[in-house]
Every structure is written in C-alpha cells, then in structure tokens.
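In the numbering used here, the protein residues as written are 277 to 386.
Here is the structure we will look at, set down as structure tokens.
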C-alpha cells in the first residue's frame, strides 16, 4: 500500500480537515449550481421563480454539504482520522447553519 501525501502523520491534522471541508462545500455548491444553470439554459428544466427558487437554493446547499461524505470516505481509507474529524466537524456545523437558515421553509407551523 503506497503512502500518499495527506496520509502522512505530519499532515493528519484536524485543521486540514477543516480546510478540505470548506473547500469541498464551496466547490460542491459551484458545480451543482453550474449543472442547474446548464440544464436551465438548455431548457431541460424551467428556471425556478418565487418559491421554486428558494427550494432550489436550499437543495443546492444541502447537496454541497453532503459532498463532504466523499472526503470522509476517502480519508477513512487512508486512515487519516484527524482529517476525518475536521471534515465531520465542519459538516455538522454547516448542517446546523443550513437548518437555522432555512428553518422557516423546513418547519412550517400553521
């Protein structure tokens, strides 16, 4: 089994997991937004308006946060537990922010 760059003990730090997680969320958001824009420009899907735009934004952010699962799996195979902890910590924080930000549309009470 080869020793990769990020599985070396000196790089197995929690703050590296923080950075990887934040970068993954940003890249995930950008890629998913680009995909939806390409689908809308090709007229495969309709441009969302009103409440549909809010639902689309909520969904894109959720998918971006869930992209961190890939990092957790990759670094689990490389036995980089501290990087995994950093990714998981930021994922939980991002999910909490997501719930707080979209609480009005998630928890509708009449």
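In this text, a Cβ means the ideal position worked out from N, Cα and C, and glycines have one as well.
Computed from a prediction, not measured in an experiment: that's the story for all the values here.
Buried or exposed: residue i, going by 16 or more other Cβ atoms within 10 Å of its Cβ?
| i | result |
| --- | --- |
| residue 293 | buried |
| residue 372 | exposed |
| residue 311 | exposed |
| residue 396 | No statement about residue 396 is possible, as the shown extent of the chain runs from 277 to 386 and does not include it. |
| residue 356 | buried |
| residue 341 | buried |
| residue 296 | buried |
| residue 375 | exposed |
Taking the C-alpha atoms as reference points, what is the distance between residue i and residue j?
| i | j | result |
| --- | --- | --- |
| residue 298 | residue 329 | 24 Å |
| residue 290 | residue 319 | 43 Å |
| residue 334 | residue 377 | 9 Å |
| residue 315 | residue 346 | 24 Å |
| residue 286 | residue 300 | 22 Å |
| residue 288 | residue 337 | 27 Å |
| residue 322 | residue 331 | 13 Å |
| residue 348 | residue 303 | 16 Å |
For a test of the three-state rule: what should DSSP assign to residue i, helix, strand or coil?
| i | result |
| --- | --- |
| residue 236 | Look at the range of the chain in this structure, 277 to 386, and you will see that residue 236 is not part of it. |
| residue 361 | helix |
| residue 380 | helix |
| residue 305 | helix |
| residue 316 | helix |
Only counting the same chain, and skipping five residues up and downstream in sequence, which positions put a Cβ closer than 6 Å to that of residue i?
| i | result |
| --- | --- |
| residue 277 | In this predicted model, residue 277 has a pLDDT of only 47, less than 50, meaning its place in the structure is not dependable; the value taken from the coordinates is given anyway. Around residue 277: no qualifying Cβ. |
| residue 350 | none |
| residue 343 | 300, 304 |
Kindly list the residues whose CB is nearer than 8 Å to the CB of residue i, restricted to its own chain and excluding five residues on each side of it in sequence; keep chain order.
| i | result |
| --- | --- |
| residue 369 | none |
Residues in the same chain with beta-carbon distance under 7 Å from residue i, minus the five sequence neighbours each way, listed in chain order, please.
| i | result |
| --- | --- |
| residue 360 | 293, 348, 351, 352 |
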